[in-house]
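See below for the structure under consideration.
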Amino acid sequence: MTALSKVNRLRVTMAGLLCVAMLSACSGGGGGGGGAAKPGDQPGKTADNGKTDLKPVELIWYYPMNKMQQDQKTIEEEVNKITKAKLNATVKMGPIDIGSYEQKMNTMVAANEPMDIIWTSHWNFKMDQNVAKGAFLQLDDLIDKYAPKLKKSRPESVWNFSKIDGKTYAVLSYQTVTERSGFLVQKRYADKYGLNPADIKDPFDMEPFFAKLKAGEKDVTPYGVSRNGATGGMLNPILEGVTSGVSVYRGDKSLKLVPTYETPEYKNLLPKLHDWYKKGYINQDAATLKSITELQMTGKVAAIFHNVLKPGREGEERVTMGGNDVIALYTSGVTLPAINLSSAMGISRNSKNPERAMMFLELLNSDKELFNLISYGIEGKHYNKVDADHVKSVPNGGYAPNQSWVFGNVFNSYLQEGQPSGTWEETQKLNESATPSVLTGFVFNLDPVKTEIANMKAVEDEYLPSLSTGTVDPAQKYNEFIEKYKKAGQPKVMAEVQKQLDAWKAKQGK
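Residues in the sequence shown are numbered consecutively from 8, following the working numbering.
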């Protein structure tokens, strides 16, 4: 992400975070999230034998995709065999290129286009902002009535991530809740150019490796970056965003607010990234490139930076690195953010069948056959089993999205070739041992400054893609960016955050 902005109003409790037990958005029915049940849409109306007394419906589902898949229609047909038998529903799957997802969804939601299920998160098509717009139904009653197994499958601490003012607006993908930053590097290049993982403590320790690789591999990009930039990920272990342009230093119990883009850490990153860009370490189209994935899949990107280096990430990343082995180089420890809505599914206010949509979300998160079909495709055509628990995608098979985290409960998925058998257990250990955020429990209400935040977002969109990718010289554009950012309302937003944070601290006795 270009900014360290986070979802502002998700309620998380310290106690809930510490009891996570894992293996790895306001409209509609008032307080009921869908109102009274429709005839034939009562709980318990489905059967494993494929017979059902539910009326037939079609559900429209939108979600992001790193790369459009050739056999998407085939997968939809196979999905509908399952959903038709178990829910008497067909699903019109609507994957959208991840780089265009937010823009397209904003347009479709504003136009009141028909849709039932919508992917959301804290970083793309943000849940809190869309709840404020009335894009999502409240889900609590729907979950209680139509998804009891889904409700029981996650601890309350996980459900808290998708709540605003105590009300649930999305079903969070069940996966890691921790963050750890670093590089993912193709092993063949690390070996060839003598990259020692023990030497990498800071992102810019990669400079000698990038220099050697640039000289020796003329058609390989040393460090792949999209328009989302590099600064957010690199600063994530240091700064935790409260909202646009406002952060606190991680671990600072005084909770002193700082203007994100005026911190020494942010300002120091910019000339270093610009130097890397000039030297050709960073792809020259970074400021306009919506996603790095397609370039990665050619095998011609040596390294990327990520702030969620979860257990088994190396094996997972092989698919997007052209099938080449990958190693992880950590530049931070493990942290537990106050807000973690990296991937979730909400139900649209325009849904004609919210009850059935919720039934589908329960099925998606509990039926392993369905989940693995959507995640990996058809066995023997799109993937082959390596053993009972591991699969390997068929090269150029026509379907390999490599994003089970988008769809739901990843612990129902196969492990990918190269992922250790204990990946889910190791994920659980990290979830339980990670250091909680100093912001845990704070809820920022953006309503008093939503106009300013929207104006700031416009300024971010204008300047950050070029600044955070190193494309422009910060000496020429940084001051101009900060001046416009302040005029857009950043000081007012920061003052409002401080006001709310002080009130929260007093209430907590801090």
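Quick reminder that beta carbons are idealized off the backbone N, C-alpha and C, glycines included.
Residue i: first and last residue of the uninterrupted alpha helix (DSSP H) it sits in
i: residue 214; result: 214-223
i: residue 240; result: 238-242
i: residue 373; result: 361-373
i: residue 482; result: 481-495
i: residue 226; result: No alpha helix (DSSP H) holds residue 226; DSSP gives it neither H nor E.
i: residue 98; result: It is not in any alpha helix (DSSP H) - residue 98 instead sits in the beta strand (DSSP E) that spans 96-104.
i: residue 112; result: 108-117
i: residue 322; result: 320-324
i: residue 278; result: 271-285
i: residue 155; result: 155-159
i: residue 440; result: 430-440
i: residue 420; result: Run containing residue 420: none; DSSP gives neither H nor E here.
Extent of the continuous beta strand (DSSP E) run through residue i
i: residue 391; result: 390-392
i: residue 474; result: Per DSSP, residue 474 belongs to no beta strand (DSSP E); it is in the alpha helix (DSSP H), 457-474.
i: residue 304; result: Here residue 304 belongs to no beta strand (DSSP E), and DSSP marks it neither H nor E.
i: residue 66; result: 64-72
i: residue 207; result: It is not in any beta strand (DSSP E) - residue 207 carries neither H nor E in the DSSP assignment.
i: residue 353; result: 351-354
Cut-off 6 Å between Cβ atoms - residues of its own chain near residue i, not counting five sequence neighbours on either side
i: residue 392; result: 398
i: residue 100; result: 68, 83
i: residue 233; result: 296, 298, 299
i: residue 479; result: 473
i: residue 106; result: 297, 298
Beta-bridge partners of residue i, as assigned by DSSP
i: residue 190; result: 312, 336
i: residue 399; result: 391
i: residue 128; result: 133
i: residue 253; result: 250, 266
i: residue 178; result: 352
i: residue 84; result: According to DSSP, residue 84 bridges with nothing at all.
i: residue 289; result: 230
i: residue 163; result: DSSP lists no partner for residue 163.
CA nearest to the CA of residue i, picked from the options
i: residue 450; options: 115, 418, 504; result: 504
i: residue 438; options: 372, 338, 315; result: 315
i: residue 136; options: 321, 457, 223, 71; result: 457
i: residue 281; options: 63, 485, 319; result: 485
i: residue 429; options: 358, 374, 317, 359; result: 317
i: residue 447; options: 167, 79, 466; result: 167
Beta-carbon contacts of residue i that lie in its chain and below 8 Å, excluding the five residues immediately before and after
i: residue 112; result: 69, 103, 125, 132
i: residue 85; result: 380, 385
i: residue 302; result: 228, 231, 290, 296, 308
i: residue 415; result: 178, 180, 181, 352, 368, 371, 372, 378
i: residue 376; result: 89
Spatial neighbours of residue i in its chain, beta-carbon cut-off 7 Å, leaving aside the 5 residues before and after
i: residue 5; result: The displayed coordinates of the chain run from 8 to 517. Any statement about residue 5 would go beyond what the structure contains.
i: residue 278; result: 481
i: residue 220; result: 196, 200, 227, 229, 309
i: residue 174; result: 145, 147
Heavy atom of the ligand FMN within 7 Å of residue i beta-carbon
i: residue 182; result: Absence of the ligand FMN from the depicted structure is noted, as is the absence of any ligand whatsoever, leaving it without description.
### Query
With a cut-off of 8 Å, do at least 3 Cβ pairs link the region 119-134 to the region 333-350?
Contact between the region 119-134 and the region 333-350 is present, with at least three C-beta pairs closer than 8 Å.
### Message
For the pair the region 195-208 and the region 269-277, tell me if three or more CB-CB distances fall below 8 Å.
### Response
Segment contact: the region 195-208 against the region 269-277, fewer than three CB-CB distances shorter than 8 Å; contact not assigned.
### Message
Measuring CB atoms only, is the region 275-286 touching the region 245-263, in the sense that at least three cross pairs come out at less than 8 Å?
### Response
The answer is no - the region 245-263 does not touch the region 275-286, with fewer than three Cβ pairs under 8 Å.
### Query
For the region 170-186 against the region 398-408, are there 3 or more C-beta pairs whose distance is under 8 Å?
With the cut-off at 8 Å, the region 170-186 and the region 398-408 do not touch.
### Query
Is there contact between the region 251-258 and the region 494-508, where contact requires at least three CB pairs shorter than 8 Å?
They touch, by the three-pair rule.
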